[in-house]
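A.B. asks: According to our numbering, the sequence shown is numbered sequentially starting from 158. Sharing a structure below in structure tokens format, with a few things to ask.
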Amino acid sequence: MSAFPPPALAPEALPQLIDALVAQGWYLGTDVLDGDLCAELHSELQTLADHDVLEAAGIGRGRELQLRRDIRGDAIHWLDRKSLAQRRYLNAMEDVQQALNQALFLGLFEYEAHFAHYPTGAFYRKHLDSFRGRANRVVSTVGYLNPDWPSDGGGEMVIYAPDNPACEVARVRPAAGTFACFLADSVPHEVLPTRLPRASIAGWFRRNASLGGLVDPAH
Ligand SMILES: O=C(O)CCC(=O)C(=O)O
Ligand SMILES: [Fe+2]
């Protein structure tokens, strides 16, 4: 047995991710996140939920933040590097950031991510993760943590074509090991109502966007 844990993200996923982002604006990999890591992150999120420390997720940023249960029903907690599991996940995202910058010159300089817990019945309506012109969030990532997911569990993330928001191009079952990545300002996506508690980590690679002299808040 090796003294080191296996890579958090399968190394062969990186070139595939770059190619898919260039070709279609989104990437989907199944069985690419390490199973033990997903289990540790899942139990950490479960503990946060049990201790009632998750916050209801809002829409918009900074002073425009609003609670809209008709749009999204998840509860979140920002990653803070406090556990080894979080650090492993975030270190893997640093590798992704470096690969994106080297291959695509995106100038990404920061990554922010939160745990997301969708209770039974929760959903997130179709949206983009950033808006052109104030696109400080450039690339979105989602890692899924539920150890298994039945075919009738609901809670899929539906990805729509960048040039045709009515056209579904992928339906992602939120099972541990699956990792998705897409361009934040051009790939519409939604989370269908879930029939089971659903656990994920949503994250964004950012470029610094300065608006009227004000630096956008991290979150
Ligand atoms: O959990 C997912 O599948 C996607 C979540 C999402 O779209 C978001 O948090 O912006
Ligand atoms: Fe999103």
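No residue lacks a Cβ here, since even glycine has one placed at the ideal position from N, Cα and C.
Taking a contact to mean a Cβ-Cβ separation below 8 Å, would you say L265 touches F362 in this structure?
C.D. replies: Here residue 265 refers to the residue found at position 108 of the sequence shown. Here residue 362 refers to the residue found at position 205 of the sequence shown. Against a cut-off of 8 Å, the Cβ pair of F362 and L265 comes out as a contact.
A.B. asks: Taking the alpha-carbon of V348 as reference, which of D320, Y301, N321 and D305 has the nearest alpha-carbon?
C.D. replies: Walking along the sequence shown from the start, residue 348 turns up at place 191. Closest option to V348, Cα to Cα, is Y301.
A.B. asks: Below 8 Å between beta carbons: does that hold for I216 and R229?
C.D. replies: For the purposes of this step, residue 216 is taken as the residue at position 59 of the sequence shown. For the purposes of this step, residue 229 is taken as the residue at position 72 of the sequence shown. Result yes, Cβ atoms of I216 and R229 sit closer than 8 Å.
A.B. asks: Where do the N-terminal and C-terminal ends of the beta strand (DSSP E) with H199 fall, by residue?
C.D. replies: Start at 1 with the first residue of the sequence shown, and residue 199 comes out as number 42. No beta strand (DSSP E) contains H199, which is instead part of the alpha helix (DSSP H) from G192 to D207.
A.B. asks: Where I358 and Q259 are concerned, what is the direct C-alpha to C-alpha distance, given to the nearest angstrom?
C.D. replies: Translated into the one-based positions of the sequence shown, residue 358 becomes position 201. Translated into the one-based positions of the sequence shown, residue 259 becomes position 102. Going by the C-alpha atoms only, they are around 24 Å apart.
A.B. asks: Between the alpha carbons of E169 and S343, how many angstroms are there, rounded?
C.D. replies: Counted from its first residue, the sequence shown places residue 169 at position 12. Counted from its first residue, the sequence shown places residue 343 at position 186. Those two C-alpha atoms are separated by around 25 Å.
A.B. asks: Going by DSSP in three states, L371 sits in which element: helix, strand or coil?
C.D. replies: Residue mapping note: residue 371 aligns to position 214 of the sequence shown, counting from 1. Model confidence at L371 stands at a pLDDT of 47, short of 50, so the residue's coordinates are unreliable and nothing is read from them.
A.B. asks: For the region 229-301, list the alpha helix (DSSP H) runs that are entirely contained and at least 4 residues long, ordered along the chain.
C.D. replies: List check, alpha helix (DSSP H) in window: 241-261.
A.B. asks: So, helix, strand or coil for A214, using DSSP?
C.D. replies: Along the sequence shown, one-based indexing puts residue 214 at 57. Coil, per DSSP.
A.B. asks: Cutting at 6 Å between CB atoms, please list the residues of its own chain near L249, excluding the five before and the five after it.
C.D. replies: As a working note, residue 249 is residue 92 in the sequence shown. Sequence check: residue 249 is Ala here, not Leu. A165 and L166.
A.B. asks: Would you say the beta carbon of D209 comes nearer than 7 Å to a heavy atom of ligand 1?
C.D. replies: Taking the first residue of the sequence shown as position 1, residue 209 is located at position 52. Checking every heavy atom of ligand 1 against the Cβ of D209, none is found closer than 7 Å.
A.B. asks: If you count every other CB in all the chains shown that lies within 10 Å of the CB of N321, and 16 or more means buried, which is it?
C.D. replies: Your numbering for residue 321 matches position 164 in the sequence shown. Looking at its Cβ environment, which holds fewer than 16 other Cβ atoms inside 10 Å, N321 is exposed.
A.B. asks: Would the region 197-205 and the region 239-253 be scored as touching if the rule is three or more Cβ pairs under 8 Å?
C.D. replies: Yes, they touch.
A.B. asks: Locate the beta strand (DSSP E) running through L340, then write down its first and last residues.
C.D. replies: The sequence position of residue 340 within the sequence shown is 183, counting from 1. First-last of the beta strand (DSSP E) with L340: F336 to L340.
A.B. asks: For P174 and F339, what's the separation of their Cα atoms in angstroms?
C.D. replies: Taking the sequence shown and counting its residues from 1, the one referred to as residue 174 is at position 17. Taking the sequence shown and counting its residues from 1, the one referred to as residue 339 is at position 182. Looking at the sequence itself, residue 174 is Leu, so the reference to Pro does not match. For L174 and F339, the distance between alpha carbons rounds to 9 Å.
A.B. asks: Within 10 angstroms of its Cβ, does G369 collect 16 or more other Cβ (buried), or is it exposed?
C.D. replies: The residue given as residue 369 occupies position 212 in the sequence shown. Caution is warranted here: a pLDDT of 44 is assigned to G369, below 50, making its placement in the model unreliable, and no coordinate value can be reported.
A.B. asks: Helix or strand or just coil, what does DSSP make of A165?
C.D. replies: Looking up residue 165 in the sequence shown gives position 8. Coil, per DSSP.
A.B. asks: What are the boundary residues of the beta strand (DSSP E) that A327 is part of?
C.D. replies: Taking the sequence shown and counting its residues from 1, one reaches residue 327 at position 170. Element bounds for A327: N321 to V329.
A.B. asks: According to DSSP, R363 sits in a beta bridge with which residue or residues?
C.D. replies: One-based indexing of the sequence shown puts residue 363 at position 206. Paired residues: E267 and R294.
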